[in-house]
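Reading through the structure tokens given below for one structure.
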Amino acid sequence: MEKPEISVLMLTHNRETLVPRMIESVLRQSFEDFEFLIFDTASIDRSGEICEEYAQKDSRIKVWHIANNSIGASRNIAVGNAAGRYLTFVDDDDMVTDDFLDFLHGLIKESNADISICGAYRNTNGKIEPHGMWEEKCLWTPQQALEELLLRRRNFQRMPTKLIKADLYQTIPFKEDCKFEDIWVCYRFMAAAKKIAAHGLPKYGVFRDTGNNSSFVLTDAWTPERLDEYLRAYGERTAYISERFPELSNLCRYSEWSFWLSLCEKITEGGLTDCQDYLDSMLERLRGDKSELENSPWLNENDTSRMRNLLN
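In terms of full-length UniProt numbering, the sequence shown has 172 at position 172, counting the first letter as 1, and numbering is strictly consecutive.
Written as structure tokens, this is what we have:
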């Protein structure tokens, strides 16, 4: 059988009321040459049954029932079963526009890129707002894509919204002993690609509810465990990019400092006393690097305000 052009990969766990929305939006795609692989991770509700019912009606859907591993481990299983030339991940509680695949595939083909990126919108209890949107079409080198990522401008640390050449996954597996796998790998894909095509029209819809990882950034959701993982991930990112792109080392440091400032603000304003040790450590390091941070060409108003409130 000829390989499909695209594999759409989705994990699901206990989303019986939400998963039909994503499944139906994928099945409405104007682009037809794709397979849709769904991995039910030991759901105890009807999520797995619902996926099987859709698979009986549409041969493009294949369903696996696997253990409730970490998201990274489950994604590696998904990649190992994908036959497409390009892969994209979607979350089971989100939705995509009817031309999502057409749009991303078109970006890749017109520029011979390894990765394409679209924009997104966020739906929070019916309130719609931009979630990484811009008008212009971009073609980036790896260094340019990493700059956009480090500055959180037009490239973000999330796997949905990206179509990636399958070959890249051979050398970049997902980290399995973590909870927030996207932050460990997105920059590695950018570094490994030859070209990255991006156009920020909103083709992906992020739907927020209090039970998924994408919502954890609310102040009361930060825990010492999550802080520890994020701090380790950002430290590893700084080292990885600086080694391969020395010209980005200063920006890497600034991006990490900027993240610390944001975390310190959340901990302080949220009164998260169980995170006090992390707060003290970050503030001590920020004060030690304050002069370099103050003179950074990327320093913005938000970080200036946070420095004034936190470091004086």
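No residue lacks a Cβ here, since even glycine has one placed at the ideal position from N, Cα and C.
Based on Cα-Cα distance, which residue from the options lies nearest to residue i?
i       : options                            : result
Cys-51  : Met-133, Leu-251, Cys-178, Val-19  : Val-19
Ala-191 : Leu-279, Glu-53, Leu-311, Pro-142  : Pro-142
Glu-2   : Leu-311, Arg-85, Arg-158, Ile-108  : Arg-85
Tyr-187 : Asn-68, Ala-82, Arg-153, Tyr-240   : Tyr-240
Phe-180 : Ala-233, Ser-258, Glu-129          : Ala-233
Lys-290 : Asn-312, Leu-272, Glu-301          : Asn-312
Glu-32  : Trp-257, Arg-253, Leu-101          : Leu-101
Gln-144 : Leu-251, Glu-49, Ser-70            : Leu-251
Ser-43  : Arg-306, Asn-14, Lys-62, Arg-28    : Asn-14
Ser-305 : Arg-253, Pro-202, Ser-262, Glu-243 : Ser-262
Leu-149 : Glu-292, Ser-255, Glu-229          : Ser-255
Trp-134 : Arg-154, Lys-127, Arg-122          : Arg-154
Ser-59  : Gly-271, Pro-4, Glu-129, Pro-130   : Pro-4
His-131 : Lys-137, Leu-139, Arg-122, Leu-283 : Arg-122
Ser-74  : Ala-198, Cys-178, Glu-243, Cys-264 : Cys-178
Could you compute how far the alpha carbon of residue i sits from the alpha carbon of residue j?
i       : j       : result
Phe-174 : Leu-299 : 32 Å
Ile-6   : Asn-295 : 45 Å
Asp-40  : Gln-157 : 24 Å
Pro-160 : Phe-245 : 25 Å
Asp-280 : Glu-53  : 52 Å
His-105 : Ala-166 : 13 Å
Thr-219 : Val-90  : Note that Thr-219 scores a pLDDT of 38, beneath 50, so its modelled location is shaky; the value from the coordinates is reported in the next line. Taking the straight line joining both Cα atoms gives about 25 Å.
Glu-35  : Asp-182 : 23 Å
Ser-214 : Thr-12  : With a pLDDT of 47 at Ser-214, under the threshold of 50, the modelled position of this residue cannot be trusted, and the question is left open.
Glu-110 : Leu-286 : 44 Å
Ala-67  : Val-26  : 24 Å
Glu-16  : Trp-184 : 29 Å
Thr-171 : Cys-118 : 24 Å
Lys-162 : Thr-238 : 22 Å
Leu-37  : Ala-78  : 7 Å
Leu-231 : Pro-202 : 30 Å
Ser-116 : Ile-196 : 6 Å
Cys-275 : Pro-224 : 5 Å
Ile-71  : Ser-249 : 30 Å
Gly-205 : Asp-92  : 11 Å
Leu-310 : Asp-277 : 15 Å
Look up residue i in the DSSP assignment and give the residues it is bridged to.
i       : result
Asp-91  : Leu-11
Val-162 : Strictly speaking, residue 162 in this sequence is Lys, with Val absent from that position. According to DSSP, which records beta bridges pairwise, Lys-162 is partnered with Ile-117.
Lys-127 : Thr-124
Cys-138 : Ala-198
Phe-180 : Its beta-bridge partners do not exist; DSSP assigns none.
Gly-132 : Per DSSP, none; premise fails for Gly-132.
Phe-207 : Asn-123
Assuming the contact rule is C-beta atoms closer than 8 Å, residue i and residue j should be a hit. Round their C-beta distance to whole Å, please.
i      : j       : result
Met-95 : Met-22  : 6 Å
Asp-99 : Ser-30  : 5 Å
Asn-76 : Glu-176 : 7 Å
Given 8 Å as the limit, tell me if residue i has its C-beta closer than that to any heavy atom belonging to the ligand MN.
i       : result
Leu-310 : Within the structure as shown, the ligand MN is missing, as the structure has no ligands at all.
In chain order, what are the residue ranges of uninterrupted beta strand (DSSP E) at least 3 long that sit wholly in the stretch 20-106?
Runs of the beta strand (DSSP E) inside the stretch 20-106: 34-41, 61-66, 86-91.
Return the chain-ordered ranges of every alpha helix (DSSP H) run that is complete within the stretch 222-294 and spans a minimum of 4 residues.
Fully contained in the stretch 222-294 are the following alpha helix (DSSP H) runs of length 4 or more, in chain order: 224-244, 249-270, 276-288, 290-294.
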